[in-house]
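Here the structure comes first, spelled out in structure tokens, and everything after it is commentary.
Protein chains: 4
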Amino acid sequence: MPTKKKPQATPSPERRGELLATAAEVFAAQGYNATTVRRIADAAGMLAGSLYYHFDSKESMVDEILSTFLNELWEGYDAVLDAGLGPRETIEALVTESFREIDRHRAAVAIYQKESQHLAAQPRFQYLADSQQKFEKAWLGTLERGVADRVFRDDLDIRLTYRFVRDTVWVAASWYRPGGQHSPEEIARQYLSMVLEGIALRG
Amino acid sequence: MPTKKKPQATPSPERRGELLATAAEVFAAQGYNATTVRRIADAAGMLAGSLYYHFDSKESMVDEILSTFLNELWEGYDAVLDAGLGPRETIEALVTESFREIDRHRAAVAIYQKESQHLAAQPRFQYLADSQQKFEKAWLGTLERGVADRVFRDDLDIRLTYRFVRDTVWVAASWYRPGGQHSPEEIARQYLSMVLEGIALRG
Amino acid sequence: MPTKKKPQATPSPERRGELLATAAEVFAAQGYNATTVRRIADAAGMLAGSLYYHFDSKESMVDEILSTFLNELWEGYDAVLDAGLGPRETIEALVTESFREIDRHRAAVAIYQKESQHLAAQPRFQYLADSQQKFEKAWLGTLERGVADRVFRDDLDIRLTYRFVRDTVWVAASWYRPGGQHSPEEIARQYLSMVLEGIALRG
Amino acid sequence: MPTKKKPQATPSPERRGELLATAAEVFAAQGYNATTVRRIADAAGMLAGSLYYHFDSKESMVDEILSTFLNELWEGYDAVLDAGLGPRETIEALVTESFREIDRHRAAVAIYQKESQHLAAQPRFQYLADSQQKFEKAWLGTLERGVADRVFRDDLDIRLTYRFVRDTVWVAASWYRPGGQHSPEEIARQYLSMVLEGIALRG
DNA sequence: AATGAATGAGTATTCATTCAT
DNA sequence: TATGAATGAATACTCATTCAT
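So the protein lines, in turn, are chains A, B, C and D.
So in the UniProt record's numbering, spot 53 of the first sequence is number 53, and the numbers just go up one at a time.
So in the UniProt record's numbering, spot 8 of the second sequence is number 8, and the numbers just go up one at a time.
So in the UniProt record's numbering, spot 36 of the third sequence is number 36, and the numbers just go up one at a time.
So in the UniProt record's numbering, spot 100 of the fourth sequence is number 100, and the numbers just go up one at a time.
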């Protein structure tokens with residue numbers, strides 16, 4: 001990350017965006033609760049209190065980080081779901097889209113993974129639970145359609161399969177680093193190959 | 001494990017065990033940082049200060065929870081690794097053992113998943129990093145042996161495969177509830193079937 | 001052996017009472033907003049954080065101070081109002097009772113005078129507005145009865161008279177010091193003499 | 001073509017006056033301490049920092065509000081005191097003048113009532129204490145002259161009488177609203193009637 | 001004259017921990 | 001063993017004030 005510029009003539013929405021990116025990085029690295037406002041401010045090169053010129057509270061920072069990410073995620077997902085693809089192609093497209101989001105919003109995804117369950121308890125973060133539900137409906141529905149269409153195996157517990165697919169995709173945010181040796185598309189390709197065909201060599 | 005300095009009389013190990021189980025439950029539900037000592041004490045029916053008769057810090061509680069779990073885990077793992085099985089059978093045994101541990105130490109596993117990365121920074125929790133490394137060596141080595149033996153596919157990035165296998169097993173601790181409709185062995189069986197053979201129906 | 005009953009969840013009411021008296025003194029002297037928790041703690045000989053063992057918040061301290069005072073005040077007032085006295089005797093008894101309360105709860109009365117209007121905006125302090133209304137009803141009703149009975153003058157705006165009587169009584173809390181040269185009863189007597197007969201010498 | 005203003009030397013006194021009136025309104029409504037500079041700025045339609053072009057501190061705003069009010073008050077009082085009236089007429093004139101000031105400077109009077117005691121502690125507000133003393137001298141002196149002249153009763157504690165008269169006049173600022181049903185002169189008349197003759201009906 | 005952004009000192013509150021009883 | 005009361009350091013947040021533009 002390049003060193004921050006002198007705080008001279010910085011326009012407002014850009015500064016906000018910069019600060020949110022900084023905050024997301026720290027939240028992802030240390031966890032939301034363990035992150036002090038002072039640490040974010042340090043990383044941004046300002047004093048703790050100064051953050052409150054831009055944001056109402058620490059909570060509203062995660063809020064903005066998570067909701068921005070989820071909005072963008074669902075734009076991509078909805079496009080896929082509305083495309084009228086078959087079950088296998090839908091799963092492939094959703095997985096690819098997911099890894100792309102992880103690439104673009106790595107920090108936000110990591111925060112989402114670690115904190116969403118505990119944040120969702122508060123009314124303000126209701127949308128996290130809502131999203132989770134939409135998520136489940138989309139994936140589970142596609143898997144069921146695939147079983148009915150004889151594209152996916154029918155001898156597996158479908159909810160187990162769902163959790164299996166869901167978790168492995170998103171947990172990747174904990175180790176993924178943008179600019180590594182694999183592009184998101186390549187990771188998606190290999191991941192899909194494993195999930196769909198298995199890792200055992202076929203005789 | 002050698003007793004700490006604090007308790008002057010003989011603190012009942014049974015009471016300790018009960019209190020640790022209570023603490024683990026709360027840590028798993030709320031996260032280590034977000035859990036106050038007072039909350040643990042509430043759950044145990046005592047006052048916050050009273051816990052310090054049994055433990056010398058909140059940190060030493062997680063410490064004992066995690067090290068107890070890891071000790072037991074490695075007992076099982078080492079037995080498997082020393083049994084001289086083939087790569088596929090080793091993977092099968094490790095996965096089955098892992099789900100058994102999740103069944104027995106669900107709370108500890110959940111804590112391990114959420115907190116180990118951030119705890120491992122402290123010298124006191126060095127053993128978490130050590131364990132992680134032993135872990136990687138065991139799994140990665142087995143996978144590599146499997147590729148060499150033409151039991152596992154050789155067209156996949158092996159580190160990607162490792163992370164994929166590792167994460168899917170352990171992330172199960174976040175949704176697994178003992179006493180559910182599937183036994184740990186059944187979950188292991190289905191999980192292995194997915195990982196090894198894939199979820200796509202073979203033509 | 002005969003042990004004292006030790007209720008578990010009861011923090012010593014005596015200590016609470018002492019601390020509340022200290023807090024009331026400081027609130028009365030400096031104003032609620034201008035009083036820092038640290039100042040109260042200083043006056044009590046402890047650290048700021050320690051107050052939170054006994055009270056939830058600074059707000060709950062004023063709350064308890066004011067509600068305790070108002071409860072006691074209304075006990076006295078209700079006894080007077082239920083006694084079936086004539087209008088003049090009722091006024092006399094209410095005034096005397098008021099100065100007695102000022103004597104007993106000087107600090108609380110001073111706080112009530114300064115802060116009630118601004119505190120009453122919060123739902124928690126709804127009872128302040130309720131009390132104010134009961135207050136007005138009791139005094140205004142008695143004055144009206146007195147006018148009807150030809151005991152009080154009928155050429156005065158009755159609401160003006162009410163405010164005049166009410167304010168003069170309570171504003172005394174700002175200068176009254178217990179143990180001064182006049183007892184509350186003596187102050188009440190002189191005050192009543194002024195209000196009822198006026199300060200001008202009759203020809 | 002708009003004329004260039006002189007740099008930072010001469011801010012428009014009209015704008016100053018407007019801003020002070022706005023500030024006084026807010027101070028009176030919320031209390032000096034509880035009023036934030038930002039709230040005053042909001043009410044004035046500008047940003048908090050912009051107020052510092054006109055005033056050098058929040059404190060200097062109250063200072064100017066209070067001193068302006070007191071200067072005007074003493075102009076009126078001095079005129080009365082220098083007029084050579086008898087004690088009763090002097091009291092009548094002072095009271096009438098006071099209600100006129102309340103009518104004209106309601107906000108300032110309310111601030112004075114609530115905050116003067118606690119502000120007077122600072123050297124900058126020494127004049128508040130001075131005024132208080134002059135005030136006491138004027139009223140107490142007139143009352144004493146009245147007792148000597150056999151115009152006022154001599155069976156009352158004179159200091160009690162002074163506080164009684166003083167407080168009831170000024171406390172009116174807390175409920176008085178300009179443009180109500182009574183003019184300041186009418187309120188003064190009724191108030192004086194109560195104080196001088198009492199509220200009891202004479203047989 | 002006013003803005004946008006920041007400072008720095010403070011404020012209420014939390015919480016792990018201690019310790020006499 | 002456990003309690004009651006306190007400590008002390010940290011925490012999120014507030015606000016009067018500054019200053020370059």
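Just so it is clear, CB atoms sit at the ideal spot from N, CA and C, and this is done for glycine as well.
- Closest in alpha carbon position to A83/B, among V171/B, T142/B, R177/B and R153/B, is T142/B.
- F152/A is bridged by DSSP to A200/B.
- Judged by DSSP in its simplified three-state form, F99/D adopts helix.
- Of the candidates V62/B, L160/B and S12/B, the residue whose Cα lies closest to the Cα of T36/B is V62/B.
- Taking all protein chains shown into account, S98/B has 16 or more neighbouring C-beta atoms within 10 Å of its C-beta and is therefore buried.
- With 16 or more neighbouring CB atoms inside 10 Å of its own CB, P87/C falls in the buried class.
- Ranked by Cα distance from D157/C, the options W170/C, A172/C, D167/C and L140/C are led by L140/C.
- Two segments are said to touch when three or more pairs of C-beta atoms, one from each, lie closer than 8 Å; by this definition the stretch 120-138 of chain C does not touch the stretch 44-51 of chain C.
- Two segments are said to touch when three or more pairs of C-beta atoms, one from each, lie closer than 8 Å; by this definition the stretch 178-195 of chain C does not touch the stretch 131-138 of chain C.
- Ranked by how close their Cα comes to the Cα of A148/D, the residues D103/C, D149/C, L201/C and L70/C have L201/C in first place.
- In the structure shown, the three-state DSSP call for S57/B is coil.
- Nearest in C-alpha terms to W175/A, of all of H118/A, D103/A, Y162/A and P123/A, is D103/A.
- Distance from the CA atom of A110/A to the CA atom of R100/A, rounded to whole angstroms, is 14 Å.
- Here the alpha carbon of E136/A sits roughly 23 Å from the alpha carbon of S183/B.
- Take H54/D, set aside five residues on each side of it, and the residues of its chain with a beta-carbon closer than 8 Å to its own are P11, R15, R16 and L19, in chain order.
- In the DSSP assignment, Q113/C falls within the unbroken alpha helix (DSSP H) covering R106 to L119.
- In terms of beta-carbon proximity, Q190/C lines the interface with chain D, with at least one pair separated by less than 8 Å.
- Distance from the CA atom of A28/D to the CA atom of D56/A, rounded to whole angstroms, is 28 Å.
- With its beta carbon at least 8 Å from every one in chain C, F27/D lies outside the interface.
- For G146/D, the secondary structure class from DSSP, reduced to helix, strand or coil, is helix.
- Comparing C-alpha distances from V80/C to each of Q181/C, A24/C, T161/C and E92/C shows the shortest one belongs to E92/C.
- For W175/B, there is no enclosing alpha helix (DSSP H), as DSSP gives it neither H nor E.
- With a contact defined as Cβ atoms closer than 8 Å, G198/C and E197/D qualify at about 4 Å.
- A straight-line Cα-Cα distance of about 20 Å links G203/A and F152/A.
- Annotation: F69/B to H105/A spans about 34 Å, alpha carbon to alpha carbon.
- Sorting R38/B, L66/B and D78/B by C-alpha distance to the C-alpha of A21/B places L66/B at the top.
- Proximity of chain B to E185/A at the Cβ level (cut-off 8 Å) is not reached, the minimal Cβ distance being about 13 Å.
- Within chain A, no residue has its beta carbon less than 8 Å from that of V95/B; the closest one is some 12 Å off.
- The beta carbon of E144/C lies closer than 7 Å to those of I158 in the same chain, with the five residues before and after it left out.
- Proximity of chain A to T168/B at the Cβ level (cut-off 7 Å) is accounted for by F164, D167 and T168, in chain order.
- In this structure, DSSP gives S12/C a state outside helix and strand, which the three-state scheme calls coil.
- In this structure, the CA atom of A107/B is about 23 Å from the CA atom of A173/A.
- Between the alpha carbons of R163/A and A138/A lies a distance of about 13 Å.
- L51/B places its beta carbon less than 8 Å from that of A41/B.
- About 6 Å separates the CB atoms of V95/D and V169/D; that is less than 8 Å, so the two are in contact.
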